[in-house]
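S.K.: Here it is, the structure in full.
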Amino acid sequence: MLFVGGLSFAIALAFVLVSALGPTGSAGKEPFANLHGGLPRGLEPYSHQLQGTRGGALGNGTFEWNAETPDPAATVLAFYDQTIDRAIWDVSAVGRQSMSFTYRPNPSVRGGVRTVDIGRSTFIAVWVTDLQLPPGFPAAFPGGPRARPLGQPGSDADGYVLRWDIDGNLDSARFVEDFAEVLNDAGWDVFALTTTGPTPGLMCRSRSTPGLTCTVTTSYELDRTNSRGAVYSANGKFVATVRLDRVAGR
Amino acid sequence: MMAVRARRPQIGLSVVLAVYWVPVLVGLRWGVWAGGDPIEIAQSIGAIVQQDFLELPITTLVLAPFVLAAAVAAILALRQHAPRPREAFVADGLTLLFGLPYLLWGLYLAVAYLVFFAQCSPFRPGSCFIY
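Residue numbers (the numbering used here), protein chains in the order written: chain G, 1 to 250; chain Z, 251 to 381.
Set out below in structure tokens:
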């Protein structure tokens, strides 16, 4: 009996491990693993939620938790400012509508809390994404709403170039509007903002380091290799190109 | 080799039981991932077992030939009239009890998939897929 039990367990265990069944890739590692209580370690679910509004979603290198609350944005952000575990998360900014933080063990992982006033209640999004940033990328530059990295980031003597898949947003204009608010809350002045036309975008400058500027452009990119979807005909995605420049001598 | 031959019924039963362990172990891994406390682990095992048992023969396709071999060996051994130890007889019986439903379920899934792909070819416009 013991022989059969032990051998069958050993065969199954070896099969599960070799076949990599279960959490794998980025989902198997912190901070996307061990979502005790529904959120990554060091982040709390907002305590005063409207019943039935909370939910979380986990993707490859990305996590988002949502809820609605009757509380104003300031109360929500004050809660997260007080409860976030600063041994794990480095809070870079707390603003009027959002806050931004960085995962201390891996600064490429950025996160934030975003609030949206939707009339009688406030929508909350707590998100964490591995933006696959290059070493030395400014910690003060926040990640964009529902932005996922596309390819490897570029860097040269002048700065960095990132490409983000922003298809999780309603459209590129909404992404640019929301990102402008996040940037403003994170200590960046948005001095040019275009939310109409086919390629919405913005330009920003760091308030603490005016030599640091950013340019965000968006576009809809067709994926010609996958134009015949099996189930639905989405054959492209909204993409944001983020350029962060260091202006010499400033 | 002799030892393996003597243990053949138990080894066959172990291979068959291994496929039923797989969803439990996958659930255990997700439970540990989700936080690791007993409630999380129990919930994860429950959810994965419920979900994975439907497609168990697909998840464990690599083990299916071994289950088939164990079932065939058990049938052949049970057909023999020579006296055998009671333990071996019980092991062969359990091998069939757990192995045959798994194999029949796998056969059903294989036929269902074949019918689906024959009728809903992704290369044939106007089939079950929406373009």
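The C-beta atom is built at its ideal place from N, Cα and C for all residues, glycine as well.
1. Give a yes or no on whether 8 Å exceeds the smallest Cβ distance from Ser-8 (chain G) to chain Z.
2. Indicate whether at least one CB of chain Z lies closer than 8 Å to the CB of Pro-23 (chain G).
3. Run through DSSP, which three-state label would Ser-264 (chain Z) get?
4. Taking DSSP as the reference, what is the three-state secondary structure of Pro-142 (chain G)?
5. Check whether the Cβ atoms of Ala-320 (chain Z) and Gly-349 (chain Z) sit closer than 8 Å, and answer yes or no.
6. Take every Cβ of the segment 168–176 of chain G, pair it with every Cβ of the segment 233–242 of chain G, and state whether three or more of those distances are shorter than 8 Å.
7. One question on the structure: do Ala-14 (chain G) and Pro-23 (chain G) come within less than 8 Å of each other, judged by their Cβ atoms?
8. 8 Å is my cut-off, CB to CB: does Ala-139 (chain G) come that close to chain Z?
9. Measuring only the C-alpha atoms, how far is Ile-213 (chain Z) from Asp-342 (chain Z)?
10. By the 10 Å Cβ neighbour count, where 16 or more other Cβ atoms means buried, how is Tyr-103 (chain G) classified, buried or exposed?
11. Enumerate in chain order the residues of its own chain whose CB-to-CB distance from Ile-118 (chain G) is below 8 Å, with the five nearest sequence positions on each side excluded.
12. So with CB distances below 9 Å, who are the chain Z contacts of Ala-12 (chain G)?
13. Out of curiosity, what's the CA-to-CA distance linking Val-216 (chain G) and Met-203 (chain G)?
14. Do Gly-187 (chain G) and Ser-208 (chain G) have their beta-carbon atoms positioned less than 8 Å apart in this structure?
15. Using the Cα positions of Gly-281 (chain Z) and Leu-39 (chain G), report the straight-line distance between them to the nearest angstrom.
16. Along chain G, which residues have their Cβ under 8 Å away from the Cβ of Leu-263 (chain Z)?
17. Against chain Z, with Cβ distances strictly below 8 Å, would Phe-15 (chain G) count as a contact?
18. Quick test of your reading: Thr-122 (chain G) and Val-76 (chain G), contact by CB under 8 Å. State the CB separation rounded to the nearest angstrom.
19. Is it right to say Ala-284 (chain Z) is buried, meaning 16 or more other beta carbons lie within 10 angstroms of its own, or is it exposed?
20. For Gln-260 (chain Z), would you say it is in contact with chain G, using Cβ-to-Cβ distances shorter than 8 Å as the test?
21. Taking the DSSP output, what are the residues bridged to Asp-302 (chain Z)?
22. Mind checking which residues open and close the beta strand (DSSP E) that includes Arg-110 (chain G)?
23. Anything in chain G within Cβ reach of Arg-279 (chain Z), meaning under 8 Å, just list it in chain order.
24. Find out if the Cβ-Cβ distance for the pair Val-266 (chain Z), Val-317 (chain Z) is shorter than 8 Å.
25. CA-CA distance, Ala-338 (chain Z) and Ala-10 (chain G)?
M.R.: If we stick to the structure as given:
1. As a first step, residue 8 (chain G) is located in the first sequence; it is residue number 8 there, counting from the start. Answer yes: the Cβ-Cβ gap between Ser-8 (chain G) and chain Z drops below 8 Å somewhere.
2. Residue 23 (chain G) sits at position 23 when you count from the first residue of the first sequence. For Pro-23 (chain G), the answer is yes, since a Cβ of chain Z falls inside 8 Å of its Cβ.
3. Counted from its first residue, the second sequence places residue 264 (chain Z) at position 14. Here Ser-264 (chain Z) sits in helix by DSSP.
4. Sequence index remark: in the first sequence, residue 142 (chain G) carries index 142 (1-based). If DSSP states are grouped into helix, strand and coil, Pro-142 (chain G) belongs with coil.
5. Taking the first residue of the second sequence as 1, we reach residue 320 (chain Z) at position 70. Taking the first residue of the second sequence as 1, we reach residue 349 (chain Z) at position 99. For Ala-320 (chain Z) and Gly-349 (chain Z), yes; Cβs fall inside 8 Å.
6. A contact is defined here as three or more CB-CB pairs under 8 Å, and the segment 168–176 of chain G meets this definition with respect to the segment 233–242 of chain G.
7. What you label residue 14 (chain G) is simply residue 14 of the first sequence in a count that begins at 1. What you label residue 23 (chain G) is simply residue 23 of the first sequence in a count that begins at 1. No; because the gap between Cβ atoms is not below 8 Å, this pair is not in contact.
8. Within the first sequence, residue 139 (chain G) is the residue found at index 139, counting from 1. No, because no Cβ of chain Z sits closer than 8 Å to the Cβ of Ala-139 (chain G).
9. The structure shown has nothing for residue 213 (chain Z), since chain Z only spans 251 to 381.
10. Stepping through the first sequence from its first residue, residue 103 (chain G) is reached at position 103. Counting the other CB atoms within 10 Å of its CB gives Tyr-103 (chain G) a total of 16 or more, which places it among the buried residues.
11. Here residue 118 (chain G) refers to the residue found at position 118 of the first sequence. Correct list, in chain order: Glu-68.
12. Taking the first sequence and counting its residues from 1, one reaches residue 12 (chain G) at position 12. Here the neighbours are Leu-267, Ala-268, Val-269, Tyr-270, Trp-271, Val-272, Val-274, Leu-275, Thr-310, Leu-313.
13. Here residue 216 (chain G) refers to the residue found at position 216 of the first sequence. Here residue 203 (chain G) refers to the residue found at position 203 of the first sequence. Each residue's Cα considered, the two are about 6 Å apart.
14. Residue 208 (chain G) sits at position 208 when you count from the first residue of the first sequence. Residue 187 (chain G) sits at position 187 when you count from the first residue of the first sequence. A contact, by the Cβ cut-off of 8 Å.
15. As a position in the second sequence, residue 281 (chain Z) is number 31, starting the count at 1. As a position in the first sequence, residue 39 (chain G) is number 39, starting the count at 1. The straight-line gap separating the alpha-carbon atoms of Gly-281 (chain Z) and Leu-39 (chain G) is approximately 14 Å.
16. Counted from its first residue, the second sequence places residue 263 (chain Z) at position 13. Those are Val-4, Ser-8, listed as they occur along chain G.
17. Your numbering for residue 15 (chain G) matches position 15 in the first sequence. It does: the Cβ of Phe-15 (chain G) has a partner Cβ on chain Z nearer than 8 Å.
18. Position 122 of the first sequence, counting from 1, holds the residue named residue 122 (chain G). Position 76 of the first sequence, counting from 1, holds the residue named residue 76 (chain G). That belief holds up - the Cβ atoms of Thr-122 (chain G) and Val-76 (chain G) are roughly 6 Å apart, short of 8 Å.
19. Here residue 284 (chain Z) refers to the residue found at position 34 when the second sequence is read from its first residue. That one is buried.
20. Residue mapping note: residue 260 (chain Z) aligns to position 10 of the second sequence, counting from 1. Yes, because at least one Cβ of chain G sits closer than 8 Å to the Cβ of Gln-260 (chain Z).
21. Counting from one through the second sequence, the residue named residue 302 (chain Z) turns up at place 52. Its beta-bridge partners do not exist; DSSP assigns none.
22. On the first sequence, position 110 is the one that residue 110 (chain G) refers to. That run of the beta strand (DSSP E) goes 109–117.
23. Residue mapping note: residue 279 (chain Z) aligns to position 29 of the second sequence, counting from 1. Residues of chain G passing the Cβ test: Val-16, Leu-21, Gly-22, Pro-23.
24. Within the second sequence, the letter at position 16 stands for residue 266 (chain Z). Within the second sequence, the letter at position 67 stands for residue 317 (chain Z). Against a cut-off of 8 Å, the Cβ pair of Val-317 (chain Z) and Val-266 (chain Z) comes out as a contact.
25. Working through the second sequence from its first residue, we reach residue 338 (chain Z) at position 88. Working through the first sequence from its first residue, we reach residue 10 (chain G) at position 10. Rounded to the nearest angstrom, the two C-alpha atoms are 21 Å apart.
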